[in-house]
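Anchor point for the sequence shown: position 129 equals 129 in UniProt numbering, and the numbering is continuous, going up by one each time.
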Amino acid sequence: MYFGGYAENMAQILKDCCVPCKITSDELETLCRGERLYCQELNVNRANVNDYEVEFLCDYKRTREGEEFYFVKWKGFSESVNTWEPKRNLKCPKLMKLFHLDLDQILKRQKGRGLPKRLDKETVSILIQKAKLRQSLHQWEIHLNKTRNHPGRIFVINEVDLDGPPKHFTYINNYKVGPGIVINEMAVGCECTDCVNEPVNGCCPGASLHRMAYNDRGQVRIRPGQPIYECNSRCSCGPDCANRVVQKGIQFDLCIFKTENGRGWGVRTLQHIKKNTFVMEYVGEIITTDEAEKRGHFYDCQGSTYLFDLDYVEDVYTVDAAHLGNISHFVNHSCNPNLQVFNVFIDNIDERLPRIALFSTRAIRAGEELTFDYKMQIDPVDTESTKMDSSFSLAGLPTSPKKRIRVECRCGSESCRKYLF
Ligand SMILES: [Zn+2]
Ligand SMILES: [Zn+2]
Ligand SMILES: [Zn+2]
1 MYFGGYAENM AQILKDCCVP CKITSDELET LCRGERLYCQ ELNVNRANVN DYEVEFLCDY
61 KRTREGEEFY FVKWKGFSES VNTWEPKRNL KCPKLMKLFH LDLDQILKRQ KGRGLPKRLD
121 KETVSILIQK AKLRQSLHQW EIHLNKTRNH PGRIFVINEV DLDGPPKHFT YINNYKVGPG
181 IVINEMAVGC ECTDCVNEPV NGCCPGASLH RMAYNDRGQV RIRPGQPIYE CNSRCSCGPD
241 CANRVVQKGI QFDLCIFKTE NGRGWGVRTL QHIKKNTFVM EYVGEIITTD EAEKRGHFYD
301 CQGSTYLFDL DYVEDVYTVD AAHLGNISHF VNHSCNPNLQ VFNVFIDNID ERLPRIALFS
361 TRAIRAGEEL TFDYKMQIDP VDTESTKMDS SFSLAGLPTS PKKRIRVECR CGSESCRKYL
421 F
């Protein structure tokens, strides 16, 4: 592009531009320590400017006499000043344990050799990459936990390969509404004193002729496909009302982990989750379906998409979680999932823009991977529940939101449909 060719023009154009710093915080810290400068952000101060702290261990050797040495990367110093240190001088049991875990794994792959006296170049290179990976994932974990607004903590682990934090992904807690999209249907509050046990005019769900979605323990009791109307900022009930669940955010500690069978990142729960319990929302950027068509084509070419159509009444909006999303971005598909989707309305009752909430379909053990069906079909209303719901409007029963994806399914469940299309 031709900008006019003058430096001052360029300066004018770039006035509001900024570029990320190319130098790593590690290198900055090295500079600081080299120049004896204190820096709060880098945690270099008068007390520790002369300290030597082991950042990670890179290599190992054993002398003929059996004395063990480790090659140390010092925190705040460049790798060019790494030094061999005898084991007896090192007080970093955690780092040493991690080093040997990594080393054992590598040696096992090399036909189960025992601990050699010296490591080859390739082994050392993998050890260093692993140590750096662990650091970058840890940094990302800290960032995610600073950004989240929900009680459930986020952990990150990759014991499978050398992939670091995903590039081009920003953690958000709520929908980001794109340009040109206006939400104007605000909910009216209820006037109940006890929304679950003594709902006045059916409480908030009643206002749209729907039934209360939760029992008094906050478990969902309606079938998927029926909308949830939670109490909102205009209701007379307080924050302890049992009709406020999704709005309280993720409650469980969850872990983003690298799957072992080529399904990329996945999410597992670190805590037991009861049946019919809210787990997380699916959030992203709200775009028009026209825009989604364009992006969808581009994403399909890349082999994965994160588009979720909000076709509650008519197909108008789509949630795009490709670059902006919460932990649901990392949840994998399964043909036999343990999470299912519900449409939720809180302050906004615009039927074209429900919030997407994932609830457990069964009890989920701590350590189990969380999955949902990207191509979920909601069963047609059966006669029994039609009778039960007869006082409520069944017109406009929503079709399920769906996540478009065009890949072979590797969920591994017995009911696997083999392809997701
Ligand atoms: Zn109420
Ligand atoms: Zn209410
Ligand atoms: Zn309430």
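Yeah, the Cβ is synthetic: ideal placement off N, Cα and C, and Gly gets one too.
Does ligand 3 have even one heavy atom less than 6 Å from the beta-carbon of residue i?
{"i": "asparagine 243", "result": "yes"}
{"i": "cysteine 231", "result": "yes"}
{"i": "cysteine 235", "result": "yes"}
If we call anything under 7 Å between Cβ atoms a contact, is residue i one with residue j?
{"i": "glutamine 247", "j": "isoleucine 356", "result": "no"}
{"i": "leucine 119", "j": "aspartate 59", "result": "yes"}
{"i": "serine 136", "j": "glycine 164", "result": "yes"}
{"i": "proline 337", "j": "aspartate 373", "result": "yes"}
{"i": "phenylalanine 252", "j": "glycine 266", "result": "no"}
{"i": "asparagine 332", "j": "threonine 371", "result": "yes"}
{"i": "phenylalanine 342", "j": "proline 205", "result": "no"}
{"i": "isoleucine 273", "j": "isoleucine 364", "result": "yes"}
{"i": "serine 413", "j": "lysine 275", "result": "no"}
{"i": "arginine 268", "j": "glutamate 141", "result": "no"}
{"i": "leucine 270", "j": "isoleucine 154", "result": "no"}
{"i": "leucine 95", "j": "leucine 57", "result": "yes"}
{"i": "arginine 263", "j": "arginine 410", "result": "yes"}
{"i": "asparagine 82", "j": "isoleucine 183", "result": "no"}
{"i": "cysteine 195", "j": "cysteine 241", "result": "yes"}
{"i": "aspartate 320", "j": "leucine 307", "result": "yes"}
{"i": "isoleucine 23", "j": "tyrosine 175", "result": "no"}
In the structure shown, what three-state DSSP assignment does residue i receive?
{"i": "serine 385", "result": "A caution first: serine 385 carries a pLDDT of 36, below 50, which makes its placement in the model unreliable, though a value can still be read off. Of the three classes helix, strand and coil, the one that applies to serine 385 here is helix, per DSSP."}
{"i": "cysteine 92", "result": "coil"}
{"i": "asparagine 349", "result": "First, the residue type needs correcting, since residue 349 is isoleucine and not asparagine in the sequence shown. Of the three classes helix, strand and coil, the one that applies to isoleucine 349 here is coil, per DSSP."}
{"i": "serine 80", "result": "helix"}
{"i": "isoleucine 142", "result": "helix"}
{"i": "aspartate 300", "result": "helix"}
{"i": "glutamine 340", "result": "strand"}
{"i": "glycine 206", "result": "helix"}
{"i": "glycine 34", "result": "helix"}
{"i": "phenylalanine 372", "result": "strand"}
{"i": "histidine 333", "result": "strand"}
{"i": "isoleucine 23", "result": "coil"}
{"i": "glutamate 55", "result": "strand"}
{"i": "residue 423", "result": "The shown model of the chain, from 1 to 421, leaves out residue 423, and the question about it has no answer."}
{"i": "isoleucine 126", "result": "helix"}
{"i": "leucine 394", "result": "Any reading at leucine 394 must be qualified, since the residue scores a pLDDT of 27, below 50, and its modelled position is unreliable; the value itself is stated next. Three-state result, leucine 394: coil."}
{"i": "lysine 75", "result": "coil"}
{"i": "arginine 268", "result": "strand"}
{"i": "threonine 289", "result": "helix"}
{"i": "glutamate 29", "result": "helix"}
{"i": "threonine 318", "result": "strand"}
{"i": "isoleucine 157", "result": "strand"}
{"i": "leucine 101", "result": "helix"}
{"i": "arginine 355", "result": "strand"}
{"i": "tyrosine 236", "result": "Reading off the sequence shown, one finds serine at residue 236, where the question assumed tyrosine. Reduced to three states, the DSSP call for serine 236 is coil."}
{"i": "isoleucine 228", "result": "strand"}
{"i": "arginine 118", "result": "strand"}
{"i": "proline 179", "result": "coil"}
{"i": "isoleucine 250", "result": "coil"}
{"i": "arginine 62", "result": "strand"}
Following a CB-centred definition, is residue i positioned closer than 6 Å to any heavy atom of ligand 1?
{"i": "cysteine 195", "result": "yes"}
{"i": "cysteine 416", "result": "no"}
{"i": "cysteine 203", "result": "yes"}
Could you tell me if the beta carbon of residue i falls within a distance shorter than 6 Å of some heavy atom in ligand 2?
{"i": "cysteine 190", "result": "yes"}
{"i": "cysteine 17", "result": "no"}
Of all the CB atoms in chain D, is at least one closer than 7 Å to the CB of residue i?
{"i": "glutamate 351", "result": "The structure shown contains no chain D; it holds only a single protein chain."}
Restricting to Cα atoms, I'd like to know which of the options is closest to residue i.
{"i": "alanine 207", "options": "Leu115, Met186, Phe359", "result": "Met186"}
{"i": "aspartate 350", "options": "Val72, Asp311, His323, Pro199", "result": "Asp311"}
{"i": "glutamate 230", "options": "Pro239, Val220, Asn243", "result": "Asn243"}
{"i": "glutamate 159", "options": "Gly189, Asn145, Arg134", "result": "Arg134"}
{"i": "valine 156", "options": "Lys167, Asn149, Leu144, Arg148", "result": "Leu144"}
{"i": "valine 344", "options": "Val245, Asn82, Asn149, Gly178", "result": "Val245"}
{"i": "threonine 318", "options": "Gln302, Arg295, Glu122", "result": "Arg295"}
{"i": "leucine 162", "options": "Asn276, Lys132, Pro86", "result": "Lys132"}
{"i": "threonine 170", "options": "His323, Phe330, Glu29", "result": "His323"}
{"i": "glutamate 41", "options": "Leu28, Cys411, Ser360, Glu35", "result": "Leu28"}
{"i": "serine 328", "options": "Arg62, Tyr299, Asp290, Gly249", "result": "Gly249"}
{"i": "cysteine 235", "options": "Tyr214, Arg211, Pro199, Leu209", "result": "Pro199"}
{"i": "glycine 284", "options": "Leu353, Arg417, Leu57, Cys203", "result": "Leu353"}
{"i": "leucine 115", "options": "Glu191, Thr63, Leu90, Asp290", "result": "Thr63"}
{"i": "threonine 288", "options": "Pro239, Ile222, Val177", "result": "Val177"}
Checklist entry - Touch check for the stretch 218-234 and the stretch 85-103: three-plus C-beta pairs under 8 Å? => result The count of Cβ pairs closer than 8 Å, one atom from the stretch 218-234 and one from the stretch 85-103, stays below three, leaving the stretches out of contact.
Item to check | contact_flag[the stretch 69-81, the stretch 48-55] where n(CB pairs < 8 Å) is 3 or more | outcome: Touching, yes, given that three or more Cβ pairs across the two stretches are closer than 8 Å.
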